[in-house]
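Single-structure report; data block below.
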Amino acid sequence: MLKISLNVSIPDDEMELSAIRAQGSGGQNVNKVSSAIHLRFDIKASTLPEFYKQQLLALRDRRITKDGVIIIKAQQYRTQEKNREDALLRLQELVKSAAVVQKARRATKPTKGSQKRRVDSKTQRGKTKALRGRVSE
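Letter 113 of the sequence shown, counting from 1, is numbered 117 in the working numbering, and no numbers are missing.
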């Protein structure tokens with residue numbers, strides 16, 4: 005059972021964990037041992053509250069497929085147990101981040117003082133550049 009918040013959790017049977025061989029260098033160990041973990045979690049078929057499902061499906065994340073399946077590959081550590089913990093932790097963080105609602109942005113106008121400072125700095129810059137011209141006698 006993966007705990008997301010006080011009253012939201014993901015049962016173990018909804019997550020599909022499989023051990024695969026890790027990529028990259030590592031000598032003979034990497035060719036023999038399946039230490040990487042491939043985690044699959046179907047958002048639509050899960051028991052998560054509807055709010056979490058909508059937020060997760062709305063995310064623009066490369067780990068979420070078009071079918072609404074989260075795929076996490078953990079291969080940072082040498083042991084299968086640590087990679088399993090890492091994959092679960094990354095899933096937990098992803099679901100938690102989806103629950104955070106962004107504050108709505110309100111459009112504001114620049115102040116008169118800031119507008120004046122901007123125009124004055126542009127004028128000053130133009131004068132400086134005008135002095136760089138060819139000198140006439």
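Where a beta carbon is used, it is the ideal one built from N, C-alpha and C, also for glycine. Please read these numbers as outputs of a predicted model, since none were measured by experiment.
Annotation for ILE76: LEU43, ARG67, ALA91, ARG94, LEU95 place their beta carbon closer than 7 Å to its own, counting only its chain and skipping 5 residues before and after.
Around the beta carbon of VAL104, fewer than 16 other beta carbons sit within 10 angstroms, so the residue counts as exposed. When DSSP reads this structure, ALA26 sits in no beta bridge, so it has no partner.
Taking 8 Å as the upper bound for CB-CB distance, ILE47 and ALA23 are not in contact here, some 23 Å apart. Beta-bridge partners assigned by DSSP to LEU10: none are found.
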